[in-house]
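Below: one structure, written as structure tokens.
Chains as they are written, first to last, in this note's numbering: chain A, 1 to 341; chain B, 342 to 690.
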């Protein structure tokens, strides 16, 4: 515990900008330092430092009681995390690629999410890991998993788009008494454009609160994760080429959904486009459209539209994956259609 | 403590084993009546013939009521272990009868309930999951350097699941002080053991995990206690995860709704001769560890206790429907459906 803080985790302290990945490492490191009951479990997180090096240097600093390399058994160690959480510990589990969370689906949905309701007490634990496409990862290293869990009451789901939010949301998730699934887009992990100087002080970003990325008059884009940045790019184009003013809402937390933020924005602009990298059918756009329909039908001046990935597994080859994923041009096209409506 | 008569247990302790087996048997038989009277709406599960395994095993654990003792993850076939750990018959009936007063306020059924002070944790129906959970509970004991152990029950069927394997392997690798109790009652619902595993015995699985396993006649409460007591001592001393197989027979269907007609009646009759309560009572008397009058008094006491508990639970109300709301998150309320509001309006959110 007295080992020096690894240098790569002192950037914020030194006033240097950090990537989204470094922000996540800092959040974990600071929470483990702040609270002895926080510990980590996952595959290859110890000596190797995790597949993406999120926990590089943690084993040396915190020791193997708090940085536990596990067998390749997502169900087993996620379940064990729940057992440890019952006993007052606050485990943070890393799923090496979130595509591999499926073996833990049983324990997450049947056990963890129901624990409080069944009278077995709260289960403060975080299940975090990389998601998302664009990295030529193919079908099993590219998926977004939010909607596999969105339908399960008792879980919270977080999906940050910036370094600031990633750090503050992860700290909030670790301090939350409910189980949280925390998705980290691997395309954002080391994106140079996302490097930013973070406050050199303890801060959290509360779960369940969306962020207005930019204000606008003509239509609202509701989005999260990597698509926040694609939407901003599209909005710049629309502003420059069409004089269309776009408001962008970054959900940040998907469950609970910040319905008020969405509804209030739609009441101002009258039009809604939902953009997500996740596939189309059963994507969060459907739920958002329904909520707006219920609460702001009279304010709508056009159909609620969506831009999403196509309904297929994630393909490997570059041209295929680019076709699969929603692109900036898709957002521009949809926005123009909606603006003219 | 007075003189040890058998397995390191004194006369009072030997009687206590008898009492808890009777308590489980009487409670379940009372439940059958309550079900016929229409009081039990959900499934009803019996541990007939398995009482000795449950009571003998749990008796080897350290029982406390302040959250510092050993932990138990019970099953529907381990009613006696639940009672030993301080689960009361009246709560047991309240759970089955789905009463507002039940430990889960009617949200969960039968033995699916919890008391972290007393140290028992109810199952979820995919039972293999409980091995993962107990692996984590006992991991916390190891990480904190506590000399506590955890015991998880699961049957032939649970042992076929991935969760059972992943949980047991995790516990073994981490050296968790966990006792894996395999309730080898020869049936997983209607599926016989030979269709669940190619292994001759569940103990044969232990070496595959690098852990020690032992098999014992699950109808012999004293034998079970002796074997499990050794396993608990090893785990408590830092020898890591242990496996104990209880060999016995499920003499009833999976639940009361299961006619059990896939089982040869002669086989059931054979196992009736090995009834754990009858055989133990005979031994208590033949070894002169108890007088007939003492055992009769114990049995009468359990019957009175069960009768009073059943009457108390029957007289209590079902929960209000509205109490289905809430308790999903620690900090987020569950909204009332808009159609049930005072002045229905979907725009209220």
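Don't be surprised by glycine CBs; every beta carbon is placed ideally from N, CA and C.
These numbers come from a predicted model, not from an experiment.
Residue i - partner residues in DSSP beta bridges
i, result
"residue 528 of chain B", "B/533"
"residue 558 of chain B", "B/588"
"residue 220 of chain A", "A/247, A/272"
"residue 68 of chain A", "A/41"
"residue 196 of chain A", "A/18"
"residue 520 of chain B", "B/492, B/583"
"residue 94 of chain A", "A/42, A/128"
"residue 211 of chain A", "A/250"
"residue 255 of chain A", "A/157"
"residue 553 of chain B", "B/583"
"residue 345 of chain B", "B/351"
Cβ pair residue i, residue j closer than 9 Å
i, j, result
"residue 173 of chain A", "residue 19 of chain A", "no"
"residue 300 of chain A", "residue 266 of chain A", "yes"
"residue 453 of chain B", "residue 469 of chain B", "no"
"residue 360 of chain B", "residue 392 of chain B", "no"
"residue 27 of chain A", "residue 209 of chain A", "no"
"residue 182 of chain A", "residue 169 of chain A", "yes"
"residue 526 of chain B", "residue 589 of chain B", "yes"
"residue 155 of chain A", "residue 95 of chain A", "no"
"residue 252 of chain A", "residue 179 of chain A", "no"
"residue 269 of chain A", "residue 214 of chain A", "no"
"residue 563 of chain B", "residue 515 of chain B", "no"
"residue 587 of chain B", "residue 554 of chain B", "no"
"residue 257 of chain A", "residue 284 of chain A", "yes"
"residue 386 of chain B", "residue 601 of chain B", "no"
"residue 364 of chain B", "residue 646 of chain B", "yes"
"residue 664 of chain B", "residue 441 of chain B", "yes"
"residue 242 of chain A", "residue 339 of chain A", "yes"
"residue 92 of chain A", "residue 65 of chain A", "no"
"residue 660 of chain B", "residue 384 of chain B", "no"
"residue 457 of chain B", "residue 655 of chain B", "no"
"residue 162 of chain A", "residue 196 of chain A", "yes"
"residue 455 of chain B", "residue 445 of chain B", "yes"
"residue 119 of chain A", "residue 449 of chain B", "yes"
"residue 475 of chain B", "residue 398 of chain B", "no"
"residue 89 of chain A", "residue 38 of chain A", "yes"
"residue 377 of chain A", "residue 248 of chain A", "Any question about residue 377 of chain A goes unanswered here, given that chain A covers just 1 to 341."
Entirely enclosed alpha helix (DSSP H) segments - the stretch 137-193 of chain A, minimum 4 residues
Whole alpha helix (DSSP H) segments, 4+ residues: 146-150, 163-175, 186-189.
- Query: In the stretch 616-642 of chain B, which residue ranges form an unbroken alpha helix (DSSP H) of at least 4 residues, counting only runs that do not cross its ends?
  - Reply: Restricted to the stretch 616-642 of chain B, the alpha helix (DSSP H) segments that are unbroken, complete and at least 4 residues in length are 617-627, listed in chain order.
*Mind pulling the beta strand (DSSP E) runs of 3 or more residues that sit fully within the stretch 396-482 of chain B?*
Contiguous beta strand (DSSP E) elements confined to the stretch 396-482 of chain B occur at 412-414, taking only those with 3 or more residues.
Residues from the stretch 444-461 of chain B in contact with chain A, defined by Cβ distance under 8 Å
Taking 8 Å as the cut-off between beta carbons, the residues of the stretch 444-461 of chain B near chain A are 444, 445, 446, 448, 449, 453, 454, 455, 457, in sequence order.
**Item:** Inter-stretch contact at 8 Å, needing at least 3 Cβ pairs: the stretch 478-498 of chain B / the stretch 97-104 of chain A
**Value:** Output reads no: the stretch 97-104 of chain A does not touch the stretch 478-498 of chain B.
Exercise for the section: With 7 Å as the C-beta to C-beta threshold (strictly closer), list the residues of the stretch 469-490 of chain B near chain A in chain order. Expected result: Answer in chain order: 470, 473, 474, 475, 476, 477, 478, 480, 481, 484.
With 7 Å as the limit, tell me which residues of the stretch 189-219 of chain A have their beta carbon closer than that to any beta carbon of chain B; keep them in chain order.
Answer in chain order: no residues at all.
- Three or more beta-carbon pairs under 8 Å between the stretch 41-57 of chain A and the stretch 6-21 of chain A, yes or no? Contact holds between the stretch 41-57 of chain A and the stretch 6-21 of chain A, because three or more Cβ pairs, one in each stretch, are under 8 Å apart.
Of the residues that make up the stretch 669-682 of chain B, which ones have a beta carbon closer than 9 Å to any beta carbon in chain A? For the stretch 669-682 of chain B, which is checked against every Cβ of chain A, the residues closer than 9 Å are 669, 670, 671, 672, 673, 675, 679.
message: Please identify, using Cβ separations under 9 Å, the residues of the stretch 74-89 of chain A that lie next to chain B, in order along the chain.
response: Interface annotation for the stretch 74-89 of chain A against chain B: 74, 75, 76, 77, 78, 79, 80, 81, 82, 83, 84, 85, 86, 87, 88, 89, criterion Cβ-Cβ distance under 9 Å.
- Check whether the stretch 134-146 of chain A touches the stretch 316-335 of chain A, counting contact only when three or more Cβ pairs, one atom from each stretch, lie closer than 8 Å. Touching, yes.
Please list the residues of the stretch 168-182 of chain A that have a C-beta atom closer than 7 Å to any C-beta atom in chain B, keeping them in chain order. Of all residues in the stretch 168-182 of chain A, only 177, 178 come within less than 7 Å of chain B when Cβ atoms are compared, listed by chain position.
Any 3 or more C-beta pairs closer than 8 Å across the stretch 403-414 of chain B and the stretch 477-489 of chain B: Flag = yes, the stretch 403-414 of chain B and the stretch 477-489 of chain B touch.
field: Interface positions of the stretch 263-274 of chain A facing chain B (Cβ-Cβ less than 7 Å), listed along the chain
entry: Flagged: no residues at all.
TODO: Evaluate the contact criterion for the stretch 556-572 of chain B versus the stretch 529-536 of chain B: three or more CB pairs, one atom per stretch, below 8 Å.
DONE: As far as the Cβ criterion goes, the stretch 556-572 of chain B does not touch the stretch 529-536 of chain B, which means the pair count is below three.
- Which residues, in order along the stretch 109-124 of chain A, keep a beta-carbon less than 8 Å from a beta-carbon of chain B? So the list reads 110, 111, 114, 116, 117, 118, 119, 120, 121, 122, given in the order they occur along the chain.
Legend entry - Where the stretch 493-518 of chain B meets chain A: residues whose CB sits under 7 Å from a CB there: Of all residues in the stretch 493-518 of chain B, 503, 504, 507, 508, 510, 511, 514 have a Cβ within less than 7 Å of some Cβ in chain A.
How about the stretch 504-517 of chain B and the stretch 546-560 of chain B: do they share at least three Cβ pairs that are nearer than 8 Å?
-> For the pair of segments examined, the stretch 504-517 of chain B was found to touch the stretch 546-560 of chain B: the number of CB pairs separated by less than 8 Å reaches three.
* Please name the residues in the stretch 275-296 of chain A whose beta-carbon is closer than 7 Å to at least one beta-carbon of chain B, in chain order. => Under the 7 Å Cβ criterion, the stretch 275-296 of chain A contributes 294, 295.
| For the stretch 39-65 of chain A, which residues have a beta carbon sitting closer than 8 Å to at least one beta carbon of chain B? | Within the stretch 39-65 of chain A, the residues whose Cβ lies closer than 8 Å to any Cβ of chain B are, in chain order, 39, 65.
message = I want to know whether the stretch 539-546 of chain B touches the stretch 362-380 of chain B - three or more CB-CB distances under 8 Å.
response = No: the two stretches stay apart, fewer than three of their Cβ pairs being nearer than 8 Å.
message: If contact is defined by three or more beta carbon pairs under 8 Å, each pair taking one atom from either stretch, is the stretch 111-121 of chain A in contact with the stretch 75-90 of chain A?
response: Contact holds: three or more Cβ-Cβ distances are below 8 Å.
Ordered list of alpha helix (DSSP H) runs contained in the stretch 348-389 of chain B, each at least 4 residues: Runs found: 352-377.
With a threshold of 8 Å, are at least 3 pairs of Cβ atoms found where one atom belongs to the stretch 419-429 of chain B and the other to the stretch 628-642 of chain B? Contact between the stretch 419-429 of chain B and the stretch 628-642 of chain B is absent, because fewer than three Cβ pairs lie under 8 Å.
*Residues of the stretch 234-267 of chain A with a CB closer than 9 Å to any CB of chain B: list them in chain order, please.*
When C-beta distances to chain B are compared with 9 Å, the residues of the stretch 234-267 of chain A below that value are 256, 259, 260, 263, in chain order.
* Give, in chain order, every unbroken run of the alpha helix (DSSP H) that is at least 4 residues long and sits entirely within the stretch 273-328 of chain A. => For the stretch 273-328 of chain A, whole alpha helix (DSSP H) runs of length 4 or above, ordered along the chain, are 284-296, 318-324.
Requested in this report: Taking a Cβ distance cut-off of 8 Å, strictly less, list which residues of the stretch 97-108 of chain A are near chain B, in chain order.
Outcome: Residues 103, 106, 107.
Fill in: Contact residues within the stretch 139-167 of chain A, judged by C-beta distance below 8 Å to chain B
The residues in question are 153, 154, 156.
Of all the residues that make up the stretch 1-25 of chain A, which are near chain B by a beta-carbon distance shorter than 7 Å? Hits within the stretch: zero.
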